[in-house]
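Residue numbers (the numbering used here): 1 to 306.
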Ligand code: NAI
């Protein structure tokens, strides 16, 4: 399994690190436009190999896409991150140009690759890759829901004052503060609905904290987060590499599913060796459906800026 990660910045390097540590890929190519930057990150990461016990070979490249040839999975993290007070949508002007050029160069050398889009505004960037390339829809996957769900589980466990491994929950919808939909109704602790343990007020606090999860970190860090985003991408790459058929909420092109068309939006999907193996249909109640419609409107408005 060869994985290319474009953008050797905070998220790209974290993603390469987690992929290597999990030891399922033979090779990770880190590519960046900044001269020497990816080479430096790759060398630093390779010097952790004997300490962390992995054999994955990490190579750093400055903008030479021929070295990415025949990648099974390519991850796009190139672009600018948001600063405190900025929304993800404000990044569109710069990031759309970068994502379009990068995806076209990747496909030139890896025509059969699966692309995972991370750069923000992610749903629109994933849509842009659909519109500007000829990759089939099962091979273009936006990462947002996996991260937002991990943040949701963190907040749920905090409210329950218990271990995160007891908790399950999913966030669907657009990857934005206003668009994401933490499904509190379906969240569980050891299989029991969390509403059995948490008051409505507590659940709505969890919901709000999840929605501003990224913004909270951006305020604390001065830029957007990288550990959890990198871990979320690596978990998705692992599901594809190892064909686990695990379900992750991902931003995928909808053609009638959940009642939407011509939009990339976060819904649960089965990930495996073909990328998106299946879009999973969950039964949303009327309130959740209405929130999903509002979320889609927000994503469409950003798509219209392309
Ligand atoms: P960063 O600034 O640390 O790294 C971005 C890297 O991209 C830089 O090293 C830069 O040199 C490189 N780059 C820029 N243009 C390039 C090009 N044309 N070709 C190759 N490399 C290029 O930013 P960070 O924090 O890693 O974030 C990256 C992106 O990921 C941002 O758009 C951010 O908003 C997004 N993000 C998305 C998340 C999600 O859940 N979908 C979560 C966290 C970040």
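Where a beta carbon is used, it is the ideal one built from N, C-alpha and C, also for glycine.
Each residue's CA atom was taken as its position, placing residue 166 and residue 66 some 45 Å apart. With contacts defined as CB atoms closer than 9 Å, residue 60 and residue 30 qualify as a contacting pair. Fewer than three pairs of CB atoms, one per stretch, sit closer than 8 Å, so the region 263-277 makes no contact with the region 88-95. Here residue 37 has 8 as same chain residues with Cβ atoms under 6 Å from its own Cβ, once five neighbours each way along the sequence are excluded. If you check the CB distance, residue 272 and residue 239 come in under 9 Å. Rounded to whole angstroms, residue 110 and residue 189 show a C-alpha spacing of 42 Å. Taking 3 residues as the shortest admissible run, the region 154-215 contains the following complete beta strand (DSSP E) segments, listed from N- to C-terminal end: 171-173, 180-182.
Taking one beta carbon from each stretch, the region 45-53 and the region 17-25 have 3 or more pairs nearer than 8 Å; the two touch. In the three-state scheme derived from DSSP, where H, G and I count as helix and E and B as strand, residue 283 is classed as coil. Within the DSSP bridge table, the entry for residue 255 names 261 as partners.
Taking 9 Å as the cut-off, the beta carbon of residue 148 is found closer than this to the beta carbon of residue 213. Here the distance from the Cβ of residue 7 to the nearest heavy atom of ligand 1 is below 8 Å.
Here residue 229 carries a helix assignment [DSSP, helix/strand/coil].
Between residue 143 and residue 236, the gap from beta carbon to beta carbon is short of 9 Å. Pairing residue 208 with residue 182, the inter-Cα distance amounts to about 9 Å. When the Cα atoms are used, residue 4 and residue 28 turn out to be separated by approximately 6 Å. Remark: the C-beta of residue 147 is in contact range of ligand 1, defined as less than 8 Å to any heavy atom. Here the C-alpha atom of residue 77 lies approximately 6 Å from the C-alpha atom of residue 12. Residue 31 sits in a strand when the DSSP states are folded into three classes. Secondary structure note for residue 57: its beta strand (DSSP E) is the uninterrupted segment 57-62. Burial state of residue 227 is exposed, judged by a 10 Å Cβ sphere holding fewer than 16 other Cβ atoms. The Cβ atoms of residue 268 and residue 250 lie closer than 9 Å to each other. In the assembly as shown, residue 17 is a buried residue. Its beta-carbon has 16 or more other beta-carbons within 10 Å. Cβ-Cβ distances below 6 Å link residue 40 to nothing in the same chain once the five nearest sequence neighbours on each side are left out. For a cut-off of 8 Å, the C-beta gap from residue 73 to residue 6 is around 12 Å, too long to register as a contact. Take the alpha-carbon of residue 1 and the one of residue 71: they are about 8 Å apart. With a cutoff of 9 Å on beta-carbon distance, residue 127 and residue 284 are scored as not near each other.
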